[in-house]
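Trainee: In my numbering, the protein residues as written are 54 to 362.
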Amino acid sequence: MPARIIDGRAISQQIRDDLAPRIASVRERLDRPPGLAIVLVGDDPASHVYVRNKLKTAEDSGMVVTLETLPGSATLEETLAVVERCNASGDVDGILVQSPLPTAMGSNAAQQVFDAIDPGKDVDGFSPISAGHLMQRRPGFAPCTPAGIIEMLDRSGIAIEGARAVVIGRSDIVGKPMAMLLLHRNATVTVCHSRTRDLPRVAREADLLVAAIGRAGFVTQAHVKSGAVVIDVGMNRVTDAAEARRILASQPKRHALFERRGSVLVGDVHPDVAETAGAMTPVPGGVGPLTIAMLMANTVRAADLRAAA
Ligand code: GUN
Numbered sequence: 054m055p056a057r058i059i060d061g062r063a064i065s066q067q068i069r070d071d072l073a074p075r076i077a078s079v080r081e082r083l084d085r086p087p088g089l090a091i092v093l094v095g096d097d098p099a100s101h102v103y104v105r106n107k108l109k110t111a112e113d114s115g116m117v118v119t120l121e122t123l124p125g126s127a128t129l130e131e132t133l134a135v136v137e138r139c140n141a142s143g144d145v146d147g148i149l150v151q152s153p154l155p156t157a158m159g160s161n162a163a164q165q166v167f168d169a170i171d172p173g174k175d176v177d178g179f180s181p182i183s184a185g186h187l188m189q190r191r192p193g194f195a196p197c198t199p200a201g202i203i204e205m206l207d208r209s210g211i212a213i214e215g216a217r218a219v220v221i222g223r224s225d226i227v228g229k230p231m232a233m234l235l236l237h238r239n240a241t242v243t244v245c246h247s248r249t250r251d252l253p254r255v256a257r258e259a260d261l262l263v264a265a266i267g268r269a270g271f272v273t274q275a276h277v278k279s280g281a282v283v284i285d286v287g288m289n290r291v292t293d294a295a296e297a298r299r300i301l302a303s304q305p306k307r308h309a310l311f312e313r314r315g316s317v318l319v320g321d322v323h324p325d326v327a328e329t330a331g332a333m334t335p336v337p338g339g340v341g342p343l344t345i346a347m348l349m350a351n352t353v354r355a356a357d358l359r360a361a362a
């Protein structure tokens with residue numbers, strides 16, 4: 054039987070519907086809607102698309118968004134000055150600095166910028182304070198993608214407690230916080246990476262497999278136990294024809310899209326995994342919408358805390 058496809062767009066909508074009364078309550082108590090500041094530096098096309106989606110969703114949800122754009126030539130100091138202004142603003146509840154920052158800013162720039170964000174406004178959950186709070190299971194802001202995956206599993210009736218979970222990828226933004234959130238929900242967690250020996254064998258032990266490596270169609274049926282739940286965090290733009298054929302051979306409609314446009318977005322999980330998995334998330338329309346929904350949830354929470362202070 055083919056896998057159940059988990060509808061991330063529908064779950065994201067449910068989460069946003071649940072936020073509506075809380076947004077109304079913030080509006081009443083603060084005499085303004087929750088405020089989100091988005092800082093976008095440079096002209097990375099993917100970042101512009103992500104930011105546009107976040108901005109639109111926040112505005113549609115009734116929040117006020119301040120978009121701070123800086124040119125690709127901006128310095129680290131100029132970016133930090135924008136963050137400081139957002140930290141000091143009484144109208145801003147949440148701050149998001151879209152990554153990646155321009156490479157000219159230096160390899161450590163993103164970390165320095167995340168370090169500067171007021172932890173009470175760190176709705177992306179990337180600051181070291183937020184990471185530490187997550188590690189110790191203290192209240193704080195968890196990064197939106199892994200938090201959204203937990204929400205997605207809960208709302209889909211998928212048990213986490215006692216499950217054997219394997220996370221492929223160890224980034225600060227997804228892999229590591231994902232492992233921590235699953236551990237806090239009493240899963241038994243393994244984190245795999247590029248040096249893991251016999252990765253398919255380890256992945257096949259998973260009841261719950263999270264793929265967050267950024268490699269198109271990397272996870273195949275050889276990585277998946279029959280009936281496992283497979284969560285695909287990947288969002289890879291494929292432009293190579295042979296690669297598109299390898300991944301989309303059983304998806305003629307999407308392959309035709311590639312032929313028309315010369316590129317297509319695919320996840321880290323090969324679509325044929327649907328024949329082995331019990332449930333899986335699609336790309337697009339799976340984890341992506343959840344990330345945005347959790348950004349909204351974190352921003353409402355930040356505003357709520359401000360209103361209660
Ligand atoms: N770049 C890719 N994903 C994200 C995200 O969730 N937040 C930010 N700030 N930058 C990103």
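Even for Gly, the Cβ is constructed at its ideal location relative to N, Cα and C.
(1) Runs of 3 residues minimum, wholly inside the stretch 128 to 202: which ones carry the beta strand (DSSP E) assignment?
(2) Do you know offhand how far I300's Cα is from V242's?
(3) With a floor of 3 residues, list each beta strand (DSSP E) that falls wholly inside the stretch 239 to 283, ordered by position along the chain.
(4) Between the C-alpha atoms of G178 and T119, what's the straight-line distance to the nearest angstrom?
(5) From M188 to P305, what does the alpha carbon distance come to, in whole angstroms?
(6) Grouping DSSP H, G and I as helix and E and B as strand, with all else coil, what is G88?
(7) Applying the 10 Å Cβ sphere with the 16-neighbour rule, what's the burial state of A327?
(8) In whole angstroms, what is the alpha-carbon distance linking I296 and F311?
(9) By Cβ distance below 7 Å, which residues in the same chain neighbour L72 in space, the five residues on each side in sequence not counted?
(10) Can you look up T119 in the DSSP assignment and give me helix, strand or coil?
(11) Going by DSSP in three states, M288 sits in which element: helix, strand or coil?
(12) Quick test of the definition: if touching needs 3 or more C-beta pairs under 8 Å, does the stretch 131 to 150 touch the stretch 164 to 183?
(13) When we look at the beta-carbon of D285 and count the other beta-carbons within 10 Å, is it buried (16 or more) or exposed?
(14) In three-state DSSP terms, what is A346?
(15) Hey, R238 and I203: beta-carbon distance below 8 Å or not?
(16) Along the chain, where does the alpha helix (DSSP H) containing R307 start, and where does it finish?
(17) Quick one: what does DSSP say I226 is sitting in, helix, strand or coil?
(18) Check the C-beta distance from E137 over to A169 and give it rounded, since I have them as a contact under 8 Å.
(19) When DSSP labels each residue in this structure, what does M205 get in the three-state scheme?
(20) Around the C-beta of M233, are 16 or more other C-beta atoms found within 10 angstroms, so that it is buried, or is it exposed?
(21) Do you know how far the Cα of F271 is from the Cα of P253?
Mentor: Let me lay it out:
(1) Qualifying beta strand (DSSP E) stretches, in chain order: 147 to 150.
(2) What you label residue 300 is simply residue 247 of the sequence shown in a count that begins at 1. What you label residue 242 is simply residue 189 of the sequence shown in a count that begins at 1. Straight-line Cα distance between these residues: approximately 28 Å.
(3) 241 to 245, 261 to 264
(4) Here residue 178 refers to the residue found at position 125 when the sequence shown is read from its first residue. Here residue 119 refers to the residue found at position 66 when the sequence shown is read from its first residue. Answer to the nearest angstrom: the Cα atoms are 19 Å apart.
(5) Locating residue 188 in the sequence shown gives position 135, counting from the first residue. Locating residue 305 in the sequence shown gives position 252, counting from the first residue. If you take the alpha carbons of M188 and P305, they lie about 44 Å apart.
(6) Mapped onto the sequence shown, residue 88 falls at position 35. DSSP, reduced to helix, strand and coil, places G88 within a strand of the structure shown.
(7) Counting from one through the sequence shown, the residue named residue 327 turns up at place 274. So A327 counts as buried.
(8) Taking the sequence shown and counting its residues from 1, one reaches residue 296 at position 243. Taking the sequence shown and counting its residues from 1, one reaches residue 311 at position 258. The sequence given here has Glu at residue 296, not Ile. Each residue's Cα considered, the two are about 11 Å apart.
(9) Your numbering for residue 72 matches position 19 in the sequence shown. Cβ neighbours of L72 beyond the five flanking positions: S114, M349, A350, V353.
(10) As a working mapping, residue 119 is identified with position 66 in the sequence shown. DSSP places T119 in strand when its eight states are reduced to three.
(11) Here residue 288 corresponds to residue number 235 of the sequence shown, with the count starting at 1. Note: M288 maps to coil in three-state DSSP.
(12) yes
(13) Taking the sequence shown and counting its residues from 1, one reaches residue 285 at position 232. When all chains shown are included, D285 counts as buried.
(14) Mapped onto the sequence shown, residue 346 falls at position 293. Helix.
(15) In the sequence shown, the residue the question calls residue 238 occupies position 185. In the sequence shown, the residue the question calls residue 203 occupies position 150. It is a contact, given that the beta carbons lie within the stated cut-off.
(16) Here residue 307 is taken as the residue at index 254 of the sequence shown, counted from 1. First-last of the alpha helix (DSSP H) with R307: 305 to 314.
(17) Here residue 226 refers to the residue found at position 173 when the sequence shown is read from its first residue. Three-state DSSP puts I226 in coil, outside helix and strand.
(18) For the purposes of this step, residue 137 is identified with residue 84 of the sequence shown, where counting begins at 1. For the purposes of this step, residue 169 is identified with residue 116 of the sequence shown, where counting begins at 1. About 7 Å separates the two Cβ atoms, so the contact holds.
(19) Indexing the sequence shown from 1 puts residue 205 at position 152. Three-state result, M205: helix.
(20) For the purposes of this step, residue 233 is taken as the residue at position 180 of the sequence shown. Buried, since its Cβ has 16 or more Cβ neighbours within 10 Å.
(21) Counting from one through the sequence shown, the residue named residue 253 turns up at place 200. Counting from one through the sequence shown, the residue named residue 271 turns up at place 218. When rounded, the distance between both Cα atoms is 10 Å.
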